[in-house]
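Here the protein sequences come in this chain order: A and B. The opening position of the first sequence corresponds to residue 1 in the working numbering, with each subsequent residue numbered one higher. The opening position of the second sequence corresponds to residue 110 in the working numbering, with each subsequent residue numbered one higher. We treat Cβ as the ideally placed atom computed from N, Cα and C, and that holds for glycine.
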Amino acid sequence: KNEVEQSPQNLTAQEGEFITINCSYSVGISALHWLQQHPGGGIVSLFMLSSGKKKHGRLIATINIQEKHSSLHITASHPRDSAVYICAVRNSGTYKYIFGTGTRLKVLA
Amino acid sequence: DAGVIQSPRHEVTEMGQEVTLRCKPISGHNSLFWYRQTMMRGLELLIYFNNNVPIDDSGMPEDRFSAKMPNASFSTLKIQPSEPRDSAVYFCASSLASNTQYFGPGTRLTVL
């Protein structure tokens, strides 16, 4: 079992839909990152979380430390949100980063 | 701000050759990360530096890989000798302390 699990692996949505991507991890962490990788390959860091919730535009990220779970929400999805979303955690103590395998999102117009 | 700069953007080489990838982090950032991405293994952290000092190199696959950061504005990742299984996209990222990482555009390496 991977230490970081993402679900779903693939997601197709219609423009305007509310989207949720989940990340569960099994190790103690000091931080959790959500990354976005566009079809062209570039990677953008969306959020870094250690507790609670963060919002940036139409994106919301939450983390529940006790449940070892984080969610990334996209409100009013748009075709330009089509990308691979990657969850990464930093193991507390070892400083090692562990990556999920990513969620491939496609938003249809 | 120019962002993280990587060079070259594409590299094609033959097995056995030495490959050097370069990274210039964002000015003022004190942490630098080297990642490798393949279809099979996804994104992997190879090594990261804090204040030019390697903190964790446990992700470096084997002795053929080495990374240096001689100063705060430059880092290299070297593969010698290269093998076809090293073909991947190599990303460099930088951050200030443990905050948000900013990724470079990546170097696509193909080893024939």
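Take the Cβ of L225 (chain B) as the centre, count every other Cβ of all protein chains shown within 10 Å, and call the residue buried at 16 or more, exposed below. Residue 225 (chain B) is absent from the structure shown; chain B starts at 110 and stops at 221.
_My output table needs one value for P193 (chain B): the three-state DSSP class, helix, strand or coil._
Helix.
Requested in this report: Would you kindly check if the distance between the Cβ of S182 (chain B) and the Cβ of A176 (chain B) is under 8 Å?
Outcome: Going by C-beta atoms, A176 (chain B) is not nearer than 8 Å to S182 (chain B).
Using the three-state DSSP reduction, which class does R217 (chain B) fall into: helix, strand or coil? Assignment of R217 (chain B) by DSSP, reduced to helix, strand and coil, places it in the strand class.
- Query: Going by alpha carbons, who is nearest to R145 (chain B) out of B:I135, B:P179, B:Y157, B:G137?
  - Reply: Ranking B:I135, B:P179, B:Y157, B:G137 by Cα distance to R145 (chain B) puts B:Y157 first.
Tell me whether the beta-carbon of V220 (chain B) lies closer than 8 Å to the beta-carbon of S196 (chain B). Yes.
Taking just the CA atoms, how far does K187 (chain B) sit from T129 (chain B)? Using only the alpha carbons, I get a separation of about 4 Å.
Next on the checklist: Excluding the 5 residues flanking T62 (chain A) on each side, which residues of the same chain have their C-beta closer than 6 Å to its C-beta?
Outcome noted: For T62 (chain A), where only same-chain residues beyond five positions count, the Cβ hits under 6 Å are K53, S71.
field: Residue(s) in a DSSP beta bridge with A13 (chain A)
entry: A:V107.
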